[in-house]
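Worksheet for the structure shown next.
2 protein chains.
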Amino acid sequence: MSEKPNPTRKRLVDAATKLFYAEGIGRVSVDAVAEKAGLTKRTLYYHFKSKDDLIAAYLDGRDQPNLEQMAGWFDAAGGGADKKVEAIFTNLARVARHPKWKGCGFLRTAAELAAMPGHPAVKAGARHKTNFEKWLAGALSDHDVGEAKMLAREIVLLMDGAFSSMLIHHNPDYVTAAGHAAATLVRARMAGKRGA
Amino acid sequence: MSEKPNPTRKRLVDAATKLFYAEGIGRVSVDAVAEKAGLTKRTLYYHFKSKDDLIAAYLDGRDQPNLEQMAGWFDAAGGGADKKVEAIFTNLARVARHPKWKGCGFLRTAAELAAMPGHPAVKAGARHKTNFEKWLAGALSDHDVGEAKMLAREIVLLMDGAFSSMLIHHNPDYVTAAGHAAATLVRARMAGKRGA
DNA sequence: ATGAGTATACCAACTAGTGAATATACAAGC
DNA sequence: GCTTGTATATTCACTAGTTGGTATACTCAT
Numbered sequence: 082m083s084e085k086p087n088p089t090r091k092r093l094v095d096a097a098t099k100l101f102y103a104e105g106i107g108r109v110s111v112d113a114v115a116e117k118a119g120l121t122k123r124t125l126y127y128h129f130k131s132k133d134d135l136i137a138a139y140l141d142g143r144d145q146p147n148l149e150q151m152a153g154w155f156d157a158a159g160g161g162a163d164k165k166v167e168a169i170f171t172n173l174a175r176v177a178r179h180p181k182w183k184g185c186g187f188l189r190t191a192a193e194l195a196a197m198p199g200h201p202a203v204k205a206g207a208r209h210k211t212n213f214e215k216w217l218a219g220a221l222s223d224h225d226v227g228e229a230k231m232l233a234r235e236i237v238l239l240m241d242g243a244f245s246s247m248l249i250h251h252n253p254d255y256v257t258a259a260g261h262a263a264a265t266l267v268r269a270r271m272a273g274k275r276g277a
Numbered sequence: 082m083s084e085k086p087n088p089t090r091k092r093l094v095d096a097a098t099k100l101f102y103a104e105g106i107g108r109v110s111v112d113a114v115a116e117k118a119g120l121t122k123r124t125l126y127y128h129f130k131s132k133d134d135l136i137a138a139y140l141d142g143r144d145q146p147n148l149e150q151m152a153g154w155f156d157a158a159g160g161g162a163d164k165k166v167e168a169i170f171t172n173l174a175r176v177a178r179h180p181k182w183k184g185c186g187f188l189r190t191a192a193e194l195a196a197m198p199g200h201p202a203v204k205a206g207a208r209h210k211t212n213f214e215k216w217l218a219g220a221l222s223d224h225d226v227g228e229a230k231m232l233a234r235e236i237v238l239l240m241d242g243a244f245s246s247m248l249i250h251h252n253p254d255y256v257t258a259a260g261h262a263a264a265t266l267v268r269a270r271m272a273g274k275r276g277a
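Those protein sequence lines, which keep their order, are chains U and H.
The numbering used here puts the first residue of the first sequence at 82, with every later residue one more than the last.
The numbering used here puts the first residue of the second sequence at 82, with every later residue one more than the last.
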């Protein structure tokens, strides 16, 4: 059950994370990853059986940190569930202004690998999105919002739409609009509870 | 104003369209495009100054056909504006089941070129998405739906979310759920009109 | 014979992946 | 304390193929 930390492997995944996210997986060579990690390509191939394997490790490594960031934004926000949901989008709009922001790494990888539907990295992306949807449904349910599962899915759709629109337009207004729509959807279910 | 049809150029763009959409722009060489068109690479470089130029031509060529398909689905559907909007998503869910479907070419290209924000192909994608949003706002307004602009943007967000979720999960339920949510949003504005 | 369009042949750079040698760590035998 | 054995970890040098782009020459209608 206990994983060896293996600092060399971690260095490689860290380097891959920075480069793959910044440039896209197809535009980054394994030589570039190895060099960024201060190692040779042959060492990389000792720890990963192929570039595809490294890509999957990159996305697997982003699952938990991403979920924690979303949950952190949700928890830190004041107000009801509607405000907490909207806070996720507000924070997203803020970080998306940074020039280094390049969209959602999971979605971008799925887009690049669209021709390889069974690719382990695409599966890792699907897993992450499912994890996020489940966490959100649970969080909404904990705040006594009705129809939490259906609502969580709608919010996920708005969020992935926000990622995509922001990436193509470079205009945070789309993210803000998605946050507004999401908050409205939450309020409708809160009012439903309240009115009953 | 009048464009020469230039069948050779069209053949190249057609070949590029099929290959770029099916495989992704980074995974298709200009040699492959030329071969698919039954021409040599040198001829390709006579008509396009670079691969980037060809990519932009590919997306520019998809703008009108895509808009017409969406408008066709909207117009052909019976019922009110809510049903017409939902019909777009229903048709999208249907075609997305086809194994050749690989998501939205505009979004996938923006994802692949995220590191090159000023790239002409990304601009072409942004233009297309804006055109769609404007068309939708006009169509909703024509059907006496209130707050058409804000509503159109929310629907666009749901649609891009549907494209992304479908691409990563390969599950049309996400597209159907987005259609439901979109129809509900439209109905809220129709009811608002009706109630006044 | 001129110029738009097409073809052959080529280039230098880069790509994912590998073979063989080497370095390091640690334990066993004596 | 020293040697030897063995598994892990790392490097250098290389392959075989692909990439975007180009120099040059040819074709053919006007």
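Heads up, the beta-carbon is just placed ideally off N, CA and C, and yes, glycines get one too.
Per-residue DSSP class, three states only, for W154 of chain H: helix
Delimiting residues of the alpha helix (DSSP H) encompassing L100 of chain U: P88 to E104
Selection from H:K204, H:D241 and H:K132 that minimises the alpha carbon distance to Y255 of chain U: H:D241
Contacting residues, own chain, Cβ-Cβ under 6 Å from G107 of chain U (five flanking each side not counted): E193
Test: A233 of chain U CB closer than 8 Å to a CB of chain H: no
Terminal residues of the alpha helix (DSSP H) in which T121 of chain U lies: Run containing T121 of chain U: none; DSSP gives neither H nor E here.
Under the three-state DSSP convention, the category V237 of chain U falls into: helix
6 Å CB neighbourhood of A205 of chain H in its chain, flanking five on each side removed: A137, L140 and D141
is_contact[H179 of chain U, chain H] using C-beta, thresh 8 Å: no
L239 of chain H and A263 of chain H closer than 8 Å at C-beta: yes
Interface partners of P198 of chain H on chain U, CB under 8 Å: H251
Sequence-distant residues of its chain with Cβ nearer than 6 Å to H200 of chain H (five each side left out): L194
CB of A168 of chain U within 8 Å of CB of A158 of chain U, strictly: yes
Residues, ordered as in the chain, of the region 215-248 of chain H that lie near chain U by beta-carbon distance below 8 Å: M231, R234, E235, V237, L238, L239, M240, D241, G242, A243, F244, S245, S246 and L248
8 Å Cβ cutoff, V94 of chain H in contact with chain U: no
Buried versus exposed, by CB contacts within 10 Å (16 or more), R270 of chain H: buried
Chain U contact for N147 of chain H (CB, 8 Å cutoff): no
DSSP-derived helix/strand/coil call for F129 of chain U: coil
Which of helix, strand or coil DSSP assigns to E84 of chain U: Here the model assigns E84 of chain U a pLDDT of 45, short of 50, so the residue's position is not dependable, and the following value carries that caveat. Three-state result, E84 of chain U: coil.
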